[in-house]
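**Student:**
Numbering (the working numbering), first residue to last: 4 to 336.
1. With distances taken from CA atoms, which of 112, 214 and 210 is nearest residue 187?
2. Over the uninterrupted beta strand (DSSP E) stretch that includes residue 186, give me the two end residues.
3. Do you know how far the Cα of residue 207 is from the Cα of residue 333?
4. For the alpha helix (DSSP H) containing residue 275, list its first residue and its last residue.
5. Between the C-alpha atoms of residue 20 and residue 233, what's the straight-line distance to the nearest angstrom?
6. Just checking, does the stretch 164-177 make contact with the stretch 221-235 on the three C-beta pairs under 8 angstroms criterion?
7. Report the three-state DSSP secondary structure of residue 86 (helix, strand or coil).
8. Alpha carbon to alpha carbon, how far is residue 197 from residue 139?
9. Quick one: grab the DSSP three-state call for residue 325.
10. Going straight from the alpha carbon of residue 231 to that of residue 256, what length do you get?
11. Can you tell which of 236, 201 and 235 has the C-alpha that lies nearest to the C-alpha of residue 249?
12. Along the beta strand (DSSP E) that carries residue 240, what are the first and last residues, could you check?
13. When DSSP labels each residue in this structure, what does residue 77 get in the three-state scheme?
14. Could you have a look at residue 92 and say whether DSSP puts it in helix, strand or coil?
15. In the stretch 160-185, which residue ranges form an unbroken beta strand (DSSP E) of at least 3 residues, counting only runs that do not cross its ends?
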């Protein structure tokens, strides 16, 4: 027996049941009595959502990420843990790698610890095959699932995402306006965020009347050396490119190293834009123009949304945060 059963029988939303459990004044007496009567009929004992009643909570949130050594995810974990502490919550972190089986194993481990909610940091934790996400949808019947820059539709699943598509569209459009025509796009993964970034790049080309050429879209492991070596191979193969737009700063640093090895002037001969505005962007010479995906804002918004869920507030299931283009020395803007 769970909150979904109460919601269905009472004919009200899960949020309304949660507000009743928390004693929220934003519920009519008629609805409150109806929900309480249904709970009594079903023998439902509230747990995770019974914040106001002080029942069944250990004030602990599960956090999952694929790789805590990734600078983007490392910052996300730091911001999430800090935000949870300010609200009196502890956290349990699980780093899952990229295996779906391992991810499900750790997810079930967190559920066995009776955590109050689970936060998934990074879009890689959402599979492109919808069936592979069913375990998340099933679990959301019992506890809130929070996604940081990932999206999955579900009644008790809440997403906070960066507008990656608009961000790469703006970056590519700025490159085109500065005179670039052969823009190489480097990406690391085919995920929710990754697809949006690539679509933004393609939208910008099409919007400016330029062809979308598959040979200018290349996947690359997320490390500096791999990106450098890929560009060297493309150069030796005769592919001409006057700009690199990367889905991660590490790939953009690889482009800087490629330019230094081949004697190409930055930005006169080669313009470069990274993504995430990480510490990498300030460690290159010249410093990288990069898209700031607002990871701190994403994490803080996720925490605020979760607290709203716990208190029975009306919160959006999806919140979109705009990115900023931070202009430095690798572009001619």
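For glycine and all other residues, C-beta sits at the position ideal for the given N, C-alpha and C. As the structure is a prediction and not an experimental result, all values here were calculated from the model.
**Tutor:** Quick look at the numbers:
1. 214
2. 186-190
3. 20 angstroms
4. Here residue 275 belongs to no alpha helix (DSSP H); instead the beta strand (DSSP E) covers 274-278.
5. 54 angstroms
6. no
7. helix
8. 21 angstroms
9. coil
10. 8 angstroms
11. 201
12. It is not in any beta strand (DSSP E) - residue 240 carries neither H nor E in the DSSP assignment.
13. helix
14. coil
15. 160-165
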